[in-house]
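Asker: Below: one structure in structure tokens.
In this note's numbering, the protein residues as written are 10 to 145.
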């Protein structure tokens, strides 16, 4: 996993000396990079690698076998609710918007209306830096 991690870091920052994808994320985020320009978390990368290994190693590896014996996808980065379809398990971490309120800011001024991001996310006054939670 270390080689894949280093490769992914270089995809996002070709001059980086980082070997840890989470540290690379932190450094790139501190440079005011957009979220689209930072690598995935280690947890997200790990799930992606699992899905890729299932596809490349197990599924394609048995493509010519009449009755392939495949491992359960839930062990390889997939999630299934009840008897529904399999969906990718993107990460094992909680959603950032629910745990990192300090990263959310609306950029609005006092007296803004319902279009404010803080209002939509139900932020409280200590989080909303600009409007201080006084959105109408």
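Cβ atoms here follow ideal geometry from the backbone N, Cα and C, with glycine treated the same way. Computed from a predicted structure; not experimentally measured.
1) Do residue 22 and residue 36 come within 9 Å of each other at the CB atom, strictly closer than that value?
2) How should residue 71 be labelled, buried or exposed, when 16 other C-beta atoms within 10 angstroms of its C-beta is the threshold for buried?
3) Looking only at its chain, what residues have a beta carbon closer than 7 Å to the beta carbon of residue 102, apart from the 5 residues adjacent to it on each side?
4) With burial defined as no fewer than 16 other Cβ atoms inside 10 Å of the residue's Cβ, what is the status of residue 33: buried or exposed?
5) To the nearest angstrom, report how far apart residue 65 and residue 94 are at their CA atoms.
6) For residue 79, which residues of its own chain have a beta-carbon under 6 Å away from its beta-carbon, when the five flanking residues on both sides are left out?
7) Would you mind stating whether residue 17 and residue 54 have Cβ atoms separated by less than 9 Å?
Answerer: By the coordinates alone:
1) Contact: yes.
2) Residue 71 comes out exposed.
3) Once the five neighbours on either side are set aside, the close Cβ partners of residue 102 are 50, 52.
4) Classification of residue 33: buried, given that the 10 Å Cβ count is 16 or more.
5) Those two C-alpha atoms are separated by around 20 Å.
6) The beta carbon of residue 79 lies closer than 6 Å to those of 67 in the same chain, with the five residues before and after it left out.
7) Yes.
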